[in-house]
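The sequence shown runs -24 to -1, 1 to 177 under mature numbering (1 follows the signal peptide of the UniProt record, and there is no 0).
Glycine included, each C-beta is placed from N, C-alpha and C at the ideal position.
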Amino acid sequence: MTQRAGAAMLPSALLLLWVPGCLTVSGPSTVMGAVGESLSVQCRYEGKYKTFNKYWCRQPCLPIWHEMVETGGSEGAVRSDRVIITDHPGDLTFTVTLENLTADDAGKYRCGIATILQEDGLSGFLPDPFFQVQVLVSSSSSTENSVKTPASPTRPSQCQGSLPSNTCFLLLPLLKVPLLLSILGAILWVNRPWRTPWTES
């Protein structure tokens, strides 16, 4: 293999080795919140990226969509509409908070570091390190249904302590007593005709 061919394959090899989020940025793969509530996501990064800007965006993170929130310089927290991103260089984490969740907020997001990798002379070869997060949003109606659904099968077996429930235990003997009496009456009625002829003879 010639040196020129090896140099041409270097960017491709670096792209294969660079798995976004596996080496430099980490966080939860899935988070869940309810409509109207707030949701926080914490992402970790390596110490060498302490001074770099951190960002949060919705996939595919196209700048023309203007859905990217990025920290800038000495600013610890940056707000954009309902999204707040806060960098914590002391513990090498940054937190993203989504306020007043809506159903439309569900989807795939990216917490990343705006590096462009200029410090390694690899500008244009490698993408920014990032980690993908799946945001799930549950509606209040579905939450209420999920709470009520398991309660319905337990209604027939609520014979525990309350006055209406005590009638469950009282009804069972009341139903059994007439049945037993009718069975005993039938047995006595069948047996009586056989006993009477023997006694007369």
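Cα separation between residue i and residue j?
i, j, result
"serine 5", "glycine 88", "14 Å"
"lysine 24", "serine 116", "42 Å"
"glutamate 75", "isoleucine 60", "8 Å"
"glycine 48", "tryptophan 32", "13 Å"
"asparagine 29", "valine 7", "23 Å"
"proline 103", "glycine 52", "24 Å"
"alanine 10", "alanine 79", "9 Å"
"tyrosine 21", "leucine 68", "6 Å"
If I measure Cβ to Cβ from residue i and keep anything under 7 Å in the same chain, skipping five residues before and after, which residues do I get?
i, result
"glutamate 13", "Leu77"
"serine 56", "Val45"
"aspartate 81", "Leu74, Val111, Val113"
"residue 179", "In this structure the chain extends from -24 to 177, so residue 179 is not present and cannot be described."
"serine -13", "Because serine -13 carries a pLDDT of 41, less than 50, the predicted location of this residue cannot be relied on, and no value is offered for it."
"arginine 58", "Leu74, Glu75, Asn76"
"leucine 157", "none"
"asparagine 91", "Checking the displayed sequence, the identity of residue 91 turns out to be threonine instead of asparagine. Once the five neighbours on either side are set aside, the close Cβ partners of threonine 91 are Tyr25, Phe28, Asp104, Pro105."
"glycine 137", "Low per-residue confidence applies at glycine 137: pLDDT is 38, beneath 50, and the placement is therefore not dependable, though the value from the model is reported in the following sentence. The answer is none, since no qualifying residue turns up."
"aspartate 63", "Lys30, Thr47, Gly52, Phe70"
Using three-state DSSP, classify residue i as helix, strand or coil.
i, result
"aspartate 63", "strand"
"alanine 162", "helix"
"alanine 79", "helix"
"leucine 15", "strand"
"leucine 157", "helix"
"glycine 9", "strand"
"lysine 24", "helix"
"serine 116", "helix"
"glutamate 46", "strand"
"arginine 58", "coil"
"lysine 74", "For clarity, residue 74 is leucine in the given sequence; the question names lysine instead. Strand."
"glycine 52", "coil"
Sorted by chain position, which residues of the same chain lie with C-beta nearer than 8 Å to residue i's C-beta, five sequence neighbours on each side aside?
i, result
"lysine 84", "Arg34, Gln35, Gln108, Val109, Gln110, Val111"
Look at residue i and residue j and say whether their C-beta atoms are less than 7 Å apart.
i, j, result
"serine 16", "threonine 71", "yes"
"cysteine 19", "arginine 86", "no"
"threonine -1", "proline 105", "yes"
Could you name the residues of the same chain whose beta carbon sits closer than 6 Å to that of residue i, not counting the 5 residues immediately before and after it, in chain order?
i, result
"glutamate 43", "Cys33, Arg34"
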